[in-house]
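Some notes on the structure that comes next.
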Ligand SMILES: [Zn+2]
């Protein structure tokens, strides 16, 4: 796949394009960045936009997706246009969860939604070592162990987010769990919970943190 070219990799329920742009060093550590999955938590899109225009990084192969839920953002809702919580619809540890209308409705089947299926196919193509998912507005990153824990801690340090567990949901079929299956060599993903708003300077700081953690902790 060429760099610096926006490519459509799928479409939403309402026919909006899902796009990815590859940037950086094609031999570098592969990082997939998803700016938005819950439509009304869209400030991460600004982080992806910074990653698209900053100096092309050495040693990092960025795959940049502004949003996998453009319908949700257009309607200012969490779900996709079918009322499914995409972050409960991924095909790893998926289980029926709740009913249509519920905030965590997981959909009728694993990867039933076109946005989820397209993202799974993209992940299988890219095989990223790291997948970043942006949400709002709990202002935290959940801690973890091992290399994932180190990367989270460094990202938190660089961006000023506290390391605090995210709790309160039922976590079947989440994007982060699926992210752990996209590489054979121990890739992983995690959620960054931004605050209720994000300044342009903060978005830039996050974009730089993405490149820094990949270059420092995941390359070579
Ligand atoms: Zn969310």
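Numbering (our numbering), first residue to last: 185 to 404.
In this text, a Cβ means the ideal position worked out from N, Cα and C, and glycines have one as well.
Quick caveat, the model's predicted, so the values are computed rather than measured.
Between ligand 1 and residue 190, a heavy atom-to-CB distance of less than 7 Å is absent. CA-to-CA, the gap between residue 398 and residue 323 works out to about 21 Å.
Looking at the DSSP output, residue 375 sits in a beta bridge with 317. By the C-beta density criterion, residue 189 is exposed, having fewer than 16 other C-beta atoms within 10 angstroms. Assignment of beta-bridge partners to residue 194 by DSSP yields 202. At least one heavy atom of ligand 1 lies less than 7 Å from the C-beta of residue 225. For residue 273, the shortest separation between its Cβ and any heavy atom of ligand 1 does not lie below 7 Å.
A distance below 8 Å separates the beta carbons of residue 273 and residue 357.
By the 16-neighbour rule on beta-carbons within 10 angstroms, residue 192 is exposed.
Straight through space, the alpha carbons of residue 207 and residue 197 are spaced by roughly 27 Å.
In the structure shown, the three-state DSSP call for residue 306 is helix. Contact check for residue 270 against residue 252 passes: the beta carbons are separated by less than 8 Å.
Rounded to the nearest whole angstrom, the C-alpha separation of residue 225 and residue 287 is 14 Å. As computed with DSSP, residue 325 is found in a beta bridge with 347. Bounds of the alpha helix (DSSP H) holding residue 229 are 228-237. Remark: the shortest separation between the CB of residue 222 and any heavy atom of ligand 1 falls under 7 Å.
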